Structures are given as C-alpha cells and as structure tokens.
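K.L.:
Quick note: the sequence shown uses this note's numbering, first residue 14, plus one each step. All residues carry an ideal CB built from backbone N, CA and C; glycine is no exception. Treat the numbers as computed from the prediction; the structure is a model and nothing was measured.
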Amino acid sequence: MESEVLQGGVAMTDIANVIAVSPIAGAKPGSRMKISIVTPSFNQGNYIEETIKSVLCQQGDFFIDYVIMDGGSTDNSIEIIRRYDNLLKGGALPVKCKGIRYRWVSEKDDGQADALNKGFAAAEGDIGAWLNSDDVYSDCGVLDRVRKYFQSGDIDLLIGNGTLIDEKGNFIGDYRTDSVDLKELLFLDYHILQPSAFLKMGYYGSSPFDHSMVYCFDVEFYIGLLLNNIKFRKVDDVFSSFRIYPGIKTLSGLEKRYREFMTIEKKFSADALSIFLSRMYKYLSVVTFIRYGRFYPVRLLSGLVNKVFYKLIVGTWGRK
C-alpha cells in the first residue's frame, strides 16, 4: 500500500491514504469494484477543491483510487490538495464508499495528455475516468450508478449526460449525448461529454493519449475506440457538470481545436467528400462564428448551416 509521491522532483513522505474495511490491495477478482479517477491540474486553485470534494463524497459499494496529477502549480492548488490528504489521514473526512486511496504528484509535465498518461499508468482500478480540475461530478451517487451499469451488462465504455455550469457553479443548461453515431462524431459535432464517460482500465493501455495534441486528444481516443467496435452503452443519466467560463481551453482554443480535428478526420477516414464537407461545416460553424458571431445575420444563418450539413453528411436535419 506504500507509494512514493514526488513534488517538484523531491521525494516526499508517503501521502497515499487508504481508509477501508479491508486494504484495497487485497481485493480479489469478483470482489468490490475499484474505480480510478485521474484529475490533471495546473493553477486551478479557484476550482479544484470542488472537484476533489465531488470525488471524495461518492458513496456506495466500491473503492475509489484517486490520482491527482498537478503540473507544478504556483497558486494555492497544492495547499488544497494536501489539506484533503491530511483530512483523510486524520479520519476527519467521512468516507462513504468502501475505501479511498488518495495520491498526488506536483511536477512539470508535457501538457494535459502527458499528465493523464502518467496518471492512468499509476491507476489501479477496474474502471477509469478523468475529471478535470474545473469540473465536478453531479452528485455523490454517480460512481455507484456507474458501478451498477457496468455490473448489469457486458460493456466496456459507459457514456452519460451532464450539465453546464458557470465559474460560480450556477446551472447554465443541460448537455445531452443523444446518440453515438460515428459519422456525426467524426465529421460534424463531437458531443461525448468527457467527464461523463467511464471506461474499463485495460483500454487505457500504455500512453493512450497523443500528447502532441492540446485540444482533441480525447476525441481521437474515443473515436478510435468506437471505430474498433468497443462495446459501449449510452445512458440517459447525468454524471457530471462541465464548467464554462472565459479562458477555458475548450472555448479559447476553438480555431486550434478545428485544426487538430482535421488531422483526426484524415487519420480515421478516406472519405474525401465527407472530409471536405466536414471542414467546410467546421469552418463556417466555428471559425466564422467566432469572428463574426456578434452580427445577428450570422447567428441567424448558423442554424441553417447546421441543418444543411447534417443533411448532406448523415441524412438528417440535425442530430440523430
């Protein structure tokens, strides 16, 4: 159960913590499920406490293996991460599942994908997911519902819905993954909500995420799995809240995201017509809207553009 954690490359005392009826390391095949959550973070002191609390509050018949990969934050992130380590060690934080192993490291990394690769390499669960340090699980029963879905059917990937929240945690709207259609995901709108996706650990393998990508490494990862006929289930259940605020990577890098997406299309498809239509669609719906979306006619036309390209590529007037 001992593990060495590095902070800034300097060996620290062990901060792995297990509070359990029986040691996690002694779990036998067929016994209680262990769920690994990896949180990559860098200077997210404004939000990471809510993220941590949403993981540690989870209750149900499973163990939590929580790995926080901090990229060398210079704000108050480390203070917050260490506080919850101490609360768990001191027994001051109620544990409502069968046990929690809490590990963290703070050191320079090569970006979010690199941090996740390292985090999942250290993870020990049966099921794995990652929760960014500005997002949260929607309630304290999420992981137990995830456990039940995996135990009730032969699936490798579970995909749920979520909500959108602002920087203060206020509700903005619902986020639904209505269907999982490969042509739609690859050529039109990729709409799998990453923090609401859970996957059997074996699929993470060795360095699953391309750390040359900044914005779309998760898109490449999940589309690759789906193209290889992974057994998945889409459920109408809300698992997470995705935070939207000025400066968020998803919004601030839309044009760069568009360019990364073009490389993914080329990697996974030889359908020249669909790729051509997709690039037109993404340019018109993303790049043009960013530059000219303040004008009412552009906003009015964006809905029509969406419908036309959906009809051309997947044959429906909008999402399936």
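If Asp122 sits next to Asn174, beta carbons under 8 Å apart, how far is it from one beta carbon to the other, in whole angstroms?
P.N.:
In the sequence shown, residue 122 corresponds to position 109, counting from 1. In the sequence shown, residue 174 corresponds to position 161, counting from 1. Their Cβ separation, rounded to whole angstroms, is 30 Å, which puts Asp122 and Asn174 out of contact at 8 Å.
K.L.:
Taking Gly112 as part of the alpha helix (DSSP H), name the residues at either end of that continuous run.
P.N.:
In the sequence shown, counting from the first residue as 1, residue 112 sits at position 99. Where Gly112 is concerned, there is no enclosing alpha helix (DSSP H), although the beta strand (DSSP E) it sits in stretches over 112-119.
K.L.:
Please report the Cβ distance between Phe255 and Asp152, rounded to the nearest whole angstrom; I am assuming they are in contact, meaning their Cβ atoms lie under 8 Å.
P.N.:
Here residue 255 refers to the residue found at position 242 when the sequence shown is read from its first residue. Here residue 152 refers to the residue found at position 139 when the sequence shown is read from its first residue. In fact, because the Cβ distance is near 15 Å, the residues do not count as touching under 8 Å.
K.L.:
Whose CA, out of Cys70, Asn242, Arg246, lies closest to the CA of Phe211?
P.N.:
In the sequence shown, the residue the question calls residue 211 occupies position 198. If we check each option's Cα against that of Phe211, Arg246 comes out closest.
K.L.:
Output yes or no for whether 8 Å exceeds the beta carbon distance between Asp191 and Arg332.
P.N.:
Here residue 191 corresponds to residue number 178 of the sequence shown, with the count starting at 1. Here residue 332 corresponds to residue number 319 of the sequence shown, with the count starting at 1. A contact, by the Cβ cut-off of 8 Å.
K.L.:
What number of angstroms, rounded off, separates the C-alpha of Asn89 from the C-alpha of Gly260?
P.N.:
The residue given as residue 89 occupies position 76 in the sequence shown. The residue given as residue 260 occupies position 247 in the sequence shown. If I take the Cα positions, the gap works out to 19 Å.
K.L.:
Report all residues from its chain with a CB closer than 7 Å to the CB of Asp223; omit the five preceding and five following residues, and keep chain order.
P.N.:
Residue numbering aside, residue 223 sits at position 210 when the sequence shown is read from its first letter. These residues qualify, in order along the chain: Ala126, Phe230, Glu233.
K.L.:
Measuring straight from C-alpha to C-alpha, what distance separates Asn145 and Ile91?
P.N.:
Your numbering for residue 145 matches position 132 in the sequence shown. Your numbering for residue 91 matches position 78 in the sequence shown. So the two alpha carbons sit approximately 16 Å from each other.
K.L.:
Specify the secondary structure class of Met226 as computed by DSSP and reduced to three states.
P.N.:
Residue numbering aside, residue 226 sits at position 213 when the sequence shown is read from its first letter. Looking at Met226 - three-state DSSP - the assignment turns out to be coil, as it is neither helix nor strand.
K.L.:
Short check: CB of Ile185 to CB of Leu177, under 8 Å?
P.N.:
Walking along the sequence shown from the start, residue 185 turns up at place 172. Walking along the sequence shown from the start, residue 177 turns up at place 164. Taking 8 Å as the Cβ cut-off, Ile185 and Leu177 qualify as a contacting pair.
K.L.:
Taking only the alpha-carbon atoms, compute the straight-line gap between Tyr258 and Gly266 and give it to the nearest angstrom.
P.N.:
Counted from its first residue, the sequence shown places residue 258 at position 245. Counted from its first residue, the sequence shown places residue 266 at position 253. For Tyr258 and Gly266, the distance between alpha carbons rounds to 13 Å.
K.L.:
What residues in its chain sit with their C-beta under 6 Å from that of Leu297, if we drop five residues either side in the sequence?
P.N.:
On the sequence shown, position 284 is the one that residue 297 refers to. Correct list, in chain order: Val318.
K.L.:
In angstroms, rounded to a whole number, what distance separates the CA positions of Arg292 and Asp179?
P.N.:
To locate residue 292, count along the sequence shown from 1; it is residue 279. To locate residue 179, count along the sequence shown from 1; it is residue 166. Whole-angstrom Cα-Cα distance: 30 Å.
K.L.:
Output yes or no for whether 8 Å exceeds the beta carbon distance between Phe200 and Ser315.
P.N.:
Indexing the sequence shown from 1 puts residue 200 at position 187. Indexing the sequence shown from 1 puts residue 315 at position 302. No, they are not a contact pair.
K.L.:
So the candidates are Ile65, Ser49, Arg270; which of them puts its Cα closest to the Cα of Tyr203?
P.N.:
The residue you call residue 203 lines up with position 190 of the sequence shown. For Tyr203, the nearest C-alpha among the options comes from Arg270.
K.L.:
Determine the direct distance from the alpha carbon of Met214 to that of Ile81, and round the result to whole angstroms.
P.N.:
The residue you call residue 81 lines up with position 68 of the sequence shown. The residue you call residue 214 lines up with position 201 of the sequence shown. Their Cα atoms are separated by approximately 17 Å.
K.L.:
Taking C-beta to C-beta, are Phe133 and Ser86 nearer than 8 Å?
P.N.:
Stepping through the sequence shown from its first residue, residue 133 is reached at position 120. Stepping through the sequence shown from its first residue, residue 86 is reached at position 73. Result no, Cβ atoms of Phe133 and Ser86 do not sit closer than 8 Å.
K.L.:
Could you check which residue in Ile205, Leu171, Glu63 has the C-alpha nearest to that of Met181?
P.N.:
Counted from its first residue, the sequence shown places residue 181 at position 168. At residue 181 the sequence reads Lys, which differs from the Met that was named. Taking only the C-alpha atoms, the option nearest Lys181 is Glu63.
K.L.:
Ordered along the chain, which non-local residues of its own chain (more than five positions away) have a Cβ less than 8 Å from that of Val34?
P.N.:
Stepping through the sequence shown from its first residue, residue 34 is reached at position 21. Residue placement at Val34 is poorly supported in this model, since its pLDDT is 30, which falls under 50; the coordinates are not used for a value here.
K.L.:
Rounded to a whole number of angstroms, what is the C-alpha to C-alpha distance between Leu171 and Phe163?
P.N.:
On the sequence shown, residue 171 is found 158 positions in, with the first residue counted as 1. On the sequence shown, residue 163 is found 150 positions in, with the first residue counted as 1. Answer to the nearest angstrom: the Cα atoms are 8 Å apart.
K.L.:
Buried or exposed for Asp98, going by 16 or more other Cβ atoms inside 10 Å?
P.N.:
Taking the first residue of the sequence shown as 1, we reach residue 98 at position 85. With 16 or more other Cβ atoms within 10 Å, it is buried.
K.L.:
Rounded to whole angstroms, what's the CA-CA distance from Phe274 to Phe281? Just pull it up for me.
P.N.:
Numbered from 1 along the sequence shown, position 261 holds the residue referred to as residue 274. Numbered from 1 along the sequence shown, position 268 holds the residue referred to as residue 281. Roughly 11 Å between the two C-alpha positions.
K.L.:
With a threshold of 16 other CB atoms inside 10 Å of the CB of Phe289, please say whether the residue is buried or exposed.
P.N.:
Here residue 289 corresponds to residue number 276 of the sequence shown, with the count starting at 1. Exposed: under 16 other Cβ atoms inside 10 Å.
K.L.:
Distance cutoff 8 Å, beta carbons only. Does Gln207 sit that close to anything in chain B?
P.N.:
Note that chain B does not occur in the displayed structure, where there is just one protein chain.
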